[in-house]
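All remarks here apply to the structure that follows.
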Amino acid sequence: MASIFYAGGVPIWTAGTTPVDSTASLQFLNTGTLRLVNGSGHIIWDSNTASLGVSSASLDDSGKLILTNSTSTVWSSFDHPTDTIVPSQNFTTSMALHSGLYSFRLLNTGNLTLRWNDSITYYSQVCPMWGSILSYSNDYAEGTDVIRFLRLDEDGNLRIYSSGRGSGTKTARWAAVEDQCEVFGYCGNMGICSYNDTAPVCGCPSLNFELIDSKDSRKGCKRKVETQDCPGNATMLDLEHTQFLTYPPETQSQVFFVGISACRLNCLVNPTCDASTSLSDGTGQCYLKTPSFMSGYQSPALSSSSYIKVCSPVINNPSASEQGWWERNSPKFGALTAQYALLEYASGAPVQFTYKDLQRSTKGFKEKLGAGGFGAVYRGVLANKTVVAIKQLEGIEQGEKQFRIGEDQSEKVLNWEYRFNIALGTARGITYLHEECRDCIVHCDIKPENILLDENYSAKVSDFGLAKLINPKDHRYRTLTSIRGTRGYLAPEWLANLPITSKSDIYSYGMVLLEIVSGRRNFEVSAETDRKKFCVWAHEEFEKGNVKGILDRRLADQEIDMEQVMRAIQVSFWCIQEQPSHRPMMGKVVQMLEGIIEIEKPPAPNAGSEVSVNGTSINVSNNVSIYSTIAVSVPTTSSSFSVQATGVSPHASGRNFERASSSLLHSDPN
14 MASIFYAGGV PIWTAGTTPV DSTASLQFLN TGTLRLVNGS GHIIWDSNTA SLGVSSASLD
74 DSGKLILTNS TSTVWSSFDH PTDTIVPSQN FTTSMALHSG LYSFRLLNTG NLTLRWNDSI
134 TYYSQVCPMW GSILSYSNDY AEGTDVIRFL RLDEDGNLRI YSSGRGSGTK TARWAAVEDQ
194 CEVFGYCGNM GICSYNDTAP VCGCPSLNFE LIDSKDSRKG CKRKVETQDC PGNATMLDLE
254 HTQFLTYPPE TQSQVFFVGI SACRLNCLVN PTCDASTSLS DGTGQCYLKT PSFMSGYQSP
314 ALSSSSYIKV CSPVINNPSA SEQGWWERNS PKFGALTAQY ALLEYASGAP VQFTYKDLQR
374 STKGFKEKLG AGGFGAVYRG VLANKTVVAI KQLEGIEQGE KQFRIGEDQS EKVLNWEYRF
434 NIALGTARGI TYLHEECRDC IVHCDIKPEN ILLDENYSAK VSDFGLAKLI NPKDHRYRTL
494 TSIRGTRGYL APEWLANLPI TSKSDIYSYG MVLLEIVSGR RNFEVSAETD RKKFCVWAHE
554 EFEKGNVKGI LDRRLADQEI DMEQVMRAIQ VSFWCIQEQP SHRPMMGKVV QMLEGIIEIE
614 KPPAPNAGSE VSVNGTSINV SNNVSIYSTI AVSVPTTSSS FSVQATGVSP HASGRNFERA
674 SSSLLHSDPN
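Next up, the structure:
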């Protein structure tokens with residue numbers, strides 16, 4: 014093919030999609046046309062610029078090939094992309110990336126879509142007029158000579174790549190479809206996508222089928238004996254935890270609400286039915302599938318079963334490797350075998366996963382969320398896109414010895430002196446993390462559960478499983494990551510996908526400080542607070558001069574330093590300001606609590622509601638990088654949309670840019 018390459022051999026544009034050999038030639042004709050012809054003289058590709066006055070062709074440093082007349086550009090390769098977008102290249106609704114049967118388009122609705130055969134949409138990223146969609150690559154490019162590009166690969170996935178200039182190699186940094194098996198048609202017709210230890214693999218439903226191409230399992234499967242060749246001798250092949258999607262999609266008349274057995278039988282007796290899928294999600298939905306293109310996916314996480322019509326007898330695929338048989342039958346695991354058997358057949362029992370399934374969902378236990386007494390916790394994504402935390406147990410034989418039994422403290426209330434010292438000690442600990450370490454450490458999960466007390470009730474900040482290490486020279490400690498933390502303590506910038514700094518910990522500390530004073534959870538609402546967000550209600554009471562109304566009523570009979578209470582409440586309000594720039598640094602918080610500096614009257618905290626984050630801690634962070642931002646702009650006065658990959662000079666320092674990342678960003682210019 015005739016292609017444009019980055020230095021080192023990374024192709025970014027191709028003239029047409031038909032391969033040619035060394036006898037082909039790229040011709041610039043005197044008519045102003047750029048043309049690719051093969052050795053036989055047949056036209057493979059043409060720029061269609063004849064009679065437009067084209068007088069010159071040039072290739073600039075960005076990789077853009079342009080044809081110009083005496084006054085302007087007539088044709089540009091950037092306006093006719095093939096499968097790649099590079100920095101500074103616009104991508105509009107009139108364009109598409111193509112790779113085999115797959116295409117990537119920006120619709121007039123503002124949706125970024127991936128489609129198979131221009132018919133089945135298997136990925137659609139909605140771009141709301143008011144919101145932003147960010148997808149970050151996971152590499153730092155700190156001043157290195159790195160180039161970036163977005164490519165639609167032949168496997169149907171859209172990826173961001175980085176490549177060292179001149180290296181000729183590329184590294185995938187982000188993928189639109191996290192689960193490759195969700196790409197429609199990835200394994201061809203009747204092929205089933207599943208996973209080995211680390212990667213997707215394609216196979217056939219059973220030995221009743223064979224690969225269409227024994228050298229390429231992605232081209233799909235075919236029956237060894239077609240069902241029309243065995244009339245009256247057909248049966249159904251049962252495939253658990255398997256789903257088939259079809260082209261064309263099922264019509265309404267092919268969707269039923271029946272049980273699993275009926276779903277299987279209905280297809281068997283229906284001469285036009287080729288397969289069926291029964292959803293085990295409580296809906297009872299059954300999809301009958303006529304002979305068509307079927308794309309299969311098999312995973313223990315799928316709550317569905319599928320059935321394919323074959324000629325008798327059913328010849329199942331060889332069972333999975335017998336590896337591990339001795340473990341299940343050894344004395345060490347013998348006691349667990351019966352439990353697993355009961356779980357497997359119990360109605361509504363938890364889904365079981367093999368170790369390989371967990372390896373695949375965690376991408377080889379790649380993203381570590383934290384660690385506890387029994388092992389590390391990793392982020393995983395199941396086949397149904399459910400994000401889960403997976404704990405890898407370690408040393409479970411000694412599990413009982415890991416526990417400490419202490420005195421029941423449930424009915425004891427800490428007096429004010431203890432509380433204030435705990436608040437001050439916690440503030441000093443966070444100050445050390447933020448300002449006294451060589452690199453700033455953002456804890457990311459400051460909450461009461463992570464403040465431990467020793468025998469003297471001295472506070473110690475604990476659980477650094479979500480902590481973020483930030484070089485203090487990196488544009489004022491800023492980093493960019495996805496939501497991590499705990500409901501009730503998340504700073505607003507977490508929820509808005511804004512850069513995260515040490516000020517995010519200060520917001521969380523402010524919420525903890527208010528809880529220490531009041532003796533109640535900040536996210537609790539009650540009739541006493543008029544169902545308002547607690548911090549808003551507390552500020553209203555503070556404005557009324559009702560400080561004792563905010564204070565824990567269980568301290569009413571104790572001697573209390575009300576000046577300390579006043580300082581603590583005011584500091585908490587300063588810490589939970591919505592704008593990070595309005596929050597004090599942690600060192601200043603310590604000084605305010607100690608009474609060294611005066612405290613100005615704090616503004617009211619934001620009354621906005623907080624997004625609920627289920628669970629305790631989720632980390633889906635990726636490192637920020639600077640080289641290309643793919644922006645989707647939606648003009649309010651036009652039906653035209655565009656995507657632009659904006660580039661930064663590869664010689665620039667990665668620390669000099671506030672918010673440049675490999676991302677998909679939607680913004681409303683108005």
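Counting from 1, position 552 in the sequence shown corresponds to residue 565 in our numbering; the numbering is continuous, with no gaps. Note that CB positions come from ideal geometry on N, CA and C, so glycine has one too.
Counting only residues of its own chain and dropping the five nearest sequence neighbours on each side, G562 has a CB closer than 7 Å to the CB of E554. Shown here, E253 sits in a strand according to DSSP, grouped into three states.
The straight-line gap separating the alpha-carbon atoms of F91 and R118 is approximately 15 Å. One thing to note: A396 has its Cβ no nearer than 8 Å to the Cβ of D74. Rounded to the nearest whole angstrom, the CA to CA distance from L466 to G600 is 21 Å. Rounded to whole angstroms, the gap between the alpha carbons of T106 and S137 is 14 Å. Bridge pairing for S112: Y115 [DSSP]. Between M249 and R277 the beta-carbon gap is near 5 Å, inside 8 Å, which marks them as a contact. The distance from the Cβ of Y19 to that of S176 is about 7 Å, consistent with a contact at the 8 Å cut-off. In this structure, DSSP gives G54 a state outside helix and strand, which the three-state scheme calls coil. Its chain contains T285, C286, D287 as the residues whose beta carbon lies nearer than 7 Å to that of T303, once the 5 sequence neighbours on both sides are disregarded; these appear in chain order. The straight-line gap separating the alpha-carbon atoms of N279 and E195 is approximately 27 Å. Rounded to whole angstroms, the Cβ separation of G501 and C588 is 14 Å, and the two are not in contact under 8 Å. Just so you know, the alpha carbons of N246 and L281 end up roughly 11 Å apart. As for any alpha helix (DSSP H) of minimum length 4 sitting wholly inside the stretch 544-606, the runs are 547-556, 560-563, 575-588, ordered along the chain. Ranking Q311, H595, V271, C324 by CA distance to the CA of N221 puts C324 first. Under DSSP, M307 forms a beta bridge with T259. Counting C-beta pairs closer than 8 Å gives three or more between the stretch 560-574 and the stretch 427-436, which meets the contact rule.
Around the beta carbon of K546, a 10 Å sphere encloses 16 or more other beta carbons of the protein chains shown; the residue is thus reported as buried. In this model, F270 and S594 are separated by some 56 Å (Cα to Cα). R567 and V560 have their C-alpha atoms roughly 14 Å apart. The shortest C-alpha to C-alpha distance from S71 to any of G45, Y391, C217, V50 is the one to G45. Under a 10 Å Cβ-count criterion, L47 is classified as buried, with 16 or more other Cβ atoms of the shown protein chains found around its own Cβ. Residue state for N434 is assigned as helix, using DSSP reduced to three classes. A check of alpha carbon separations from S305 across K235, M108, L110 identifies K235 as the nearest. Straight across, the Cα-Cα distance linking Y300 with K460 is about 48 Å. The C-beta separation of T97 from F162 comes to about 5 Å, placing the pair in contact by the 8 Å criterion.
Restricted to the stretch 435-467, the beta strand (DSSP E) segments that are unbroken, complete and at least 3 residues in length are 453-455, 464-466, listed in chain order.
For R534, the three-state secondary structure derived from DSSP is coil.
Across the set G233, I328, G52, F378, the C-alpha of G233 shows the shortest separation from the C-alpha of F197. For G523, the three-state secondary structure derived from DSSP is helix. A straight-line Cα-Cα distance of about 40 Å links A504 and L292.
For P24, the three-state secondary structure derived from DSSP is strand. Scanning its chain for C-beta atoms nearer than 6 Å, with the 5 sequence neighbours on each side dropped, one finds around T36 the residues G52, in chain order. Out of Y135, I435, K404, the CA that lies nearest to the CA of E468 is found in I435. The alpha-carbon separation between C217 and S319 amounts to approximately 13 Å.
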